[in-house]
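>
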Amino acid sequence: MRGKLITLEGIDGSGKSTVAEKLQKNPEIKAFNPVFTREPTRGTLTGDAVEKAIQSDTDQLAELFLFTADHAEHLSKIIKPALKSGKLVISDRYSDSRYAYQGVTLKTRLENPLEWVKDLHRGWTIVPDLTFLFDIRPEVSVERCGKRGEQSKFEKLEFLRKVREIFLRLAAENPERFIVIDASRSSEYVEKEVTEKILEFLNRN
Ligand code: ADP
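Positions 0 to 204 (numbering that gives the first Met the number 0) are the ones given, in order, by the sequence shown.
#1: For a minimum of 4 consecutive residues, which ranges assigned as the alpha helix (DSSP H) are wholly contained in the stretch 12–58?
#2: Report all residues from its chain with a CB closer than 7 Å to the CB of S16; omit the five preceding and five following residues, and keep chain order.
#3: Just grab the DSSP bridge partners of T6 for me.
#4: State buried or exposed for Q101, treating a residue as buried only when at least 16 other CB atoms are found within 10 Å of its CB.
#5: With 16 other CB atoms within 10 Å as the buried threshold, where does K3 fall?
#6: Taking just the CA atoms, how far does R1 sit from E8?
#7: Look up I135 in the DSSP assignment and say whether it is helix, strand or coil.
#8: My assumption, with CB atoms under 8 Å, is that I78 sits in contact with I125. Please give the rounded CB distance.
#9: Fully enclosed by the stretch 67–124, which beta strand (DSSP E) runs are 3 residues long or longer?
#10: Considering just the uninterrupted stretch of the alpha helix (DSSP H) at S185, what are its terminal residues?
#11: At a cut-off of 6 Å, would you count K191 as near ligand 1, judging by its Cβ distance to the nearest heavy atom?
#12: Where F200 and E192 are concerned, what is the direct C-alpha to C-alpha distance, given to the nearest angstrom?
#13: Return the chain-ordered list of same chain residues with a C-beta closer than 7 Å to the C-beta of A81, the five sequence neighbours on each side being excluded.
#14: Report, in whole angstroms, the separation of the C-beta atoms of L105 and Q54, which I expect to be a contact under 8 Å.
#15: Over what stretch of residues does the alpha helix (DSSP H) that includes E157 continue unbroken?
#16: Enumerate in chain order the residues of its own chain whose CB-to-CB distance from R160 is below 8 Å, with the five nearest sequence positions on each side excluded.
#17: Are the CB atoms of Y98 and L113 within a distance shorter than 7 Å?
#18: Can you give the Cα-Cα distance for D11 and I165, rounded to whole angstroms?
#19: Say yes only if the C-beta of T124 is nearer than 6 Å to one or more non-hydrogen atoms of ligand 1, and no if none qualify.
#20: Nearest-angstrom Cα distance between D134 and P174?
#21: Under 7 Å between the Cβ atoms of A182 and S13?
Below, the structure is given as structure tokens:
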């Protein structure tokens, strides 16, 4: 039987990576022997290209294609083989990040960037079985990231407001797949919520 794909989404500083790390140590989750992964991928040609693009003044369409190339590489090298062998896969960011972020960055270039970027993925991506949206006000997440030092161009307040709007729209349009979590709570609370929902989901499916 095909495994299950769970994704963690949300704006920068919403606490995805913190919770992903906690889940890796959580005995109830570890019992399923999950594969933890992320986008952009780490230590790969495509993932490194994305990281460089994010940190520099790269053309926004070029950036989209680098992210998309990395998504293809992620699918073929990690996601598909794991799902094929029946594993549970948990990814810190996935295609919804592309829809939300590039849905904003490409607004001046394309008439309907969200639909355009979704179309670009259609037919070859794998839609997650369950997606957690770590929802938080950008004012709070940016404040958290302040501790991280220099902010990337993706961490600007106005920009993140628009990204959050698209994430919320995607969640509203796909209620069977999305679970919206209040990410302004403590990371312990969020971890507990996410763990409960993952266990519920795995018991049902
Ligand atoms: P993301 O992966 O979504 O960008 P991170 O997990 O890297 O977010 O968290 C961003 C910053 O916020 C880090 O400094 C982290 O320690 C802090 N942080 C994460 N979750 C919480 C939380 N629930 N409450 C307060 N601070 C948090």
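Just so you know, even glycine gets a beta-carbon here, dropped at the ideal spot from N, CA and C. Small disclaimer: the values here were computed from a predicted structure and weren't measured.
So, from the listed chains and residues:
#1: Listed in chain order, the complete alpha helix (DSSP H) runs (minimum 4 residues) inside the stretch 12–58 are 15–24, 26–29, 44–53.
#2: Walking along the sequence shown from the start, residue 16 turns up at place 17. Short of 7 Å from the beta carbon of S16, and not among the five residues preceding or following it, lie these beta carbons of its own chain, in chain order: D91.
#3: As a position in the sequence shown, residue 6 is number 7, starting the count at 1. By DSSP's assignment, T6 forms a beta bridge with S90, T130.
#4: Here the question's residue 101 lines up with position 102 in the sequence shown. Buried, because 16 or more other Cβ atoms sit within 10 Å of the Cβ of Q101.
#5: Position 4 of the sequence shown holds residue 3. A residue is called buried when at least 16 other Cβ atoms come within 10 angstroms of its Cβ; K3 meets this threshold and is buried.
#6: As a first step, residue 8 must be located in the sequence shown, where it is residue number 9. As a first step, residue 1 must be located in the sequence shown, where it is residue number 2. Going from the Cα of E8 to the Cα of R1 covers about 22 Å.
#7: Taking the first residue of the sequence shown as 1, we reach residue 135 at position 136. Coil at I135, not helix or strand.
#8: As a first step, residue 78 must be located in the sequence shown, where it is residue number 79. As a first step, residue 125 must be located in the sequence shown, where it is residue number 126. Indeed, because the Cβ distance is near 6 Å, the residues count as touching under 8 Å.
#9: Every beta strand (DSSP E) of 3 residues or more that sits fully in the stretch 67–124 is shown, in chain order, as 87–91.
#10: Counted from its first residue, the sequence shown places residue 185 at position 186. Careful: S185 lies outside any alpha helix (DSSP H) and carries neither H nor E.
#11: Here residue 191 refers to the residue found at position 192 of the sequence shown. Result no, Cβ not under 6 Å from ligand 1.
#12: Position 201 of the sequence shown holds residue 200. Position 193 of the sequence shown holds residue 192. F200 and E192: Cα-Cα distance of roughly 12 Å.
#13: Sequence index remark: in the sequence shown, residue 81 carries index 82 (1-based). Answer for A81: G2, V34, V88, listed in chain order.
#14: Along the sequence shown, one-based indexing puts residue 105 at 106. Along the sequence shown, one-based indexing puts residue 54 at 55. For L105 against Q54, the beta-carbon gap comes to about 19 Å, at or over 8 Å, which does not count as contact.
#15: Here residue 157 refers to the residue found at position 158 of the sequence shown. Residues 156–172.
#16: Here residue 160 refers to the residue found at position 161 of the sequence shown. Cβ neighbours of R160 within its own chain (closer than 8 Å, five residues either side excluded): P137.
#17: Taking the first residue of the sequence shown as position 1, residue 113 is located at position 114. Taking the first residue of the sequence shown as position 1, residue 98 is located at position 99. A contact, by the Cβ cut-off of 7 Å.
#18: Translated into positions along the sequence shown, residue 11 becomes position 12. Translated into positions along the sequence shown, residue 165 becomes position 166. In a straight line, the C-alpha of D11 is about 14 Å away from that of I165.
#19: Residue numbering aside, residue 124 sits at position 125 when the sequence shown is read from its first letter. No - ligand 1 has no heavy atom lying nearer than 6 Å to the Cβ of T124.
#20: On the sequence shown, residue 134 is found 135 positions in, with the first residue counted as 1. On the sequence shown, residue 174 is found 175 positions in, with the first residue counted as 1. Cα atoms of D134 and P174: separation of roughly 15 Å, rounded to the nearest angstrom.
#21: Numbered from its first residue, the sequence shown carries residue 182 at position 183. Numbered from its first residue, the sequence shown carries residue 13 at position 14. In this structure, S13 lies closer than 7 Å to A182 by Cβ.
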